[in-house]
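Read the structure below first, then the notes.
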Amino acid sequence: MLIGNLRWRLAALLLLAAGCVGCGQNATAQGMKLVHAERSLYREVLVYEGRGVRCMCFTRECRVGRQSCLDLHDADRIVMTYPRMMLTALYVMPEPAKVLIIGLGGGTLPIALQHVVPDVRIDVVEIDPAVVKVAKRYFGFAENDSTRATVADGRVFVKRALREGRRYDLIMLDAFDHEYIPEHLLTQEFLSEVKALLSPGGVLAANTFSASRLYDHESATYAAVFPAFFNLKKDNRVIIASNGELPSKETLRANSKRFERVFRRFGFEAASMLPLFSTKADWDTNARVLTDQYSPANLLNLRQRE
Amino acid sequence: MRLVHVLLSYLIAGWSGFFVMAIELLGGRLMAPSFGSSIYVWGAIITVFMLALSLGYLAGGRWSMRAPSVRRLGLILMAAALTVAPLLAYGERLLDYVATAVPDPRFGSLLAASALFFVPTLLSGMVSPYAVRLLVQDRATSGRHAGQLYFVSTFGSAAGTLLTSFYLVLLMEVRTILLSMIAVSLGLGACAFFVGKAGDADR
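In the order they appear, the protein sequences are chains A and B.
Each residue of the first sequence is one higher than the last, beginning at 1 in my numbering.
Each residue of the second sequence is one higher than the last, beginning at 307 in my numbering.
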């Protein structure tokens, strides 16, 4: 009735918004073969294999970005660039005792951290139960005494952890993808909550995708909460911020040496990441800070930079 | 019925449609910091709005049987706007309180969405059937009037959805958008209140 009709259409739109980009075709492009499709509340979680890798994707034929990939012949190798960049947060916080990872994907980060930091305790929060299931079945992720996965919204989990007085030495934010940014995870209030959840000197590593006008707003928002942070740019953007002083280049170099062997096993040279650590403010510092009241991140991401 | 009354009835129905959808979209933003943006939150919001509207239609139809007037239509609009105001003052605290008390994301967000949006949406739902009563003069044209009213109201909803999600959130803070909409509702409602006089619609 009246407004009702429109509303149903909106409901359907919202339900489908994330899901069905380019559905209904068989996967042959790039030689990737569909291995598994897991139905989810949000979207289909797809597993593709081809050219020696297995990838988790949210779109047919992995058209819009791969979430996570596994080398079928060398399970230790980290295929994609961004988890390698995320792991360099260890140069700033070499021995985290407690880690929180927001956004599981294929579980690359928790699996790698278990290798690198022997006694680490890891909490993973993932919004989509289907992603957890697929990560366990196809990507070698496992829960055990030291690693626990919770199905919840990242912001809700952070607030709850704060209330319970928990603290983390390292928080990895990996909840964004090419298509959609959860806007409540890119506001000054959220970053303040994350900062409060960090132990003294604790480190936040965030994987982001902003290339457009959002880059300026995202940077200004991080700068409003963390006076200084490392800004690593390659294919993605990774922000590494600290709840304390940032270490010097020498300290970073010295810390990187501790991971030379294990990172080589992951398929990259620890030292090769050092030049990426930039503290230069290469954004419009007057850009408006994003808040819970003003958070049009996805609309801003459509805008060209000036 | 005077032309100005007819115009006001349509205008109020159209604006009310705009108002409801804008609040619904902003509702998702208001709830995200406490409840996240999982599918349950949108499910809860849409459920509460649908339920409140359905009961609002019923209530609006009933109330239209007793001395209907443009004046009272204006009162409904103003009441709907005023019941949004507490959301600005206490919304955040209430959301955090409910999120703590009811950790289940489904029932927590259902409860919170009900507390915040049920009353204003129910009142907004009363507008359309009430306006139908004011506009319909005889049986022969009743369908046409109802059709025109559906058109205006749903078109308003479409405009409210599009403008809010594509433009308003880029221009203003959520609370500024809400305040502006409350102001428009109060202005329009006051117009209807002062222009209309009780008992006008009765032939």
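Idealized CB from N, CA, C, for every residue including glycine.
All figures in this text were calculated on a predicted structure; none of them were measured in a lab.
Taking P310(A) as the reference, give the member of K98(A), M80(A), G65(A) with the closest Cα.
What is shown of chain A runs 1 to 306, which leaves residue 310(A) out entirely.
### Task
Within 10 angstroms of the Cβ of C23(A), are there 16 or more other Cβ atoms? Answer buried if so, exposed if not.
A caution first: C23(A) carries a pLDDT of 35, below 50, which makes its placement in the model unreliable, though a value can still be read off. Exposed: under 16 other Cβ atoms inside 10 Å.
**Item:** Interface flag, G333(B) vs chain A, CB-CB below 8 angstroms
**Value:** no
Item to complete: Kindly list, in the order they appear in chain B, the residues whose Cβ is closer than 8 angstroms to that of L246(A).
Response: Going along chain B, no residue has its Cβ under 8 angstroms from L246(A), so there is no contact; the nearest lies around 28 angstroms.
> Any idea what DSSP makes of Q304(A), helix, strand or coil?
Replying inline: coil
- Are the beta-carbon atoms belonging to G495(B) and G380(B) less than 8 angstroms from one another? yes
message: Along the segment 425–457 of chain B, where does the CB come closer than 7 angstroms to a CB of chain A? Name the residues.
response: S434, Y456
- Message: Mapping the DSSP letters down to three states, classify N236(A) as helix, strand or coil.
- Response: coil
query: Do you know offhand how far T279(A)'s Cα is from P247(A)'s?
result: 11 angstroms
Give the DSSP bridge partners of T208(A), in chain order. R237(A)
| Is A338(B) closer than 8 angstroms to H184(A) when the C-beta atoms are compared? | yes
| CB-CB under 6 angstroms to F226(A), same chain, minus the five flanking residues each way: which ones, in chain order? | A241
From L317(B) to Y82(A), what distance separates their C-alpha atoms? 53 angstroms
Which residues in the same chain as F461(B) place their Cβ atom closer than 8 angstroms to its Cβ, once the five residues preceding and following it in sequence are excluded? G320, G323
**OP:** Pick out whichever of V53(A), F58(A), G52(A) has its Cα sitting closest to the Cα of L46(A).
**Re:** F58(A)
Which one or two residues does DSSP pair with D123(A) in a beta bridge?
L100(A), R148(A)
- Message: I need the straight-line Cα distance from L422(B) to K159(A), nearest angstrom please.
- Response: 21 angstroms
Exercise. Do you know how far the Cα of S146(A) is from the Cα of F263(A)?
Worked result: 21 angstroms
Applying the 10 Å Cβ sphere with the 16-neighbour rule, what's the burial state of P118(A)? exposed
Using a Cβ cut-off of 9 angstroms, which residues of the segment 134–168 of chain A contact any Cβ in chain B, in chain order? A152, D153, G154, R155, V156, F157, K159, R160, R163
Exercise for the section: Just the chain B side, please: which residues come within less than 7 angstroms of H217(A) by C-beta, in chain order? Expected result: Those within 7 angstroms of H217(A) in chain B number zero; the least Cβ separation is about 11 angstroms.
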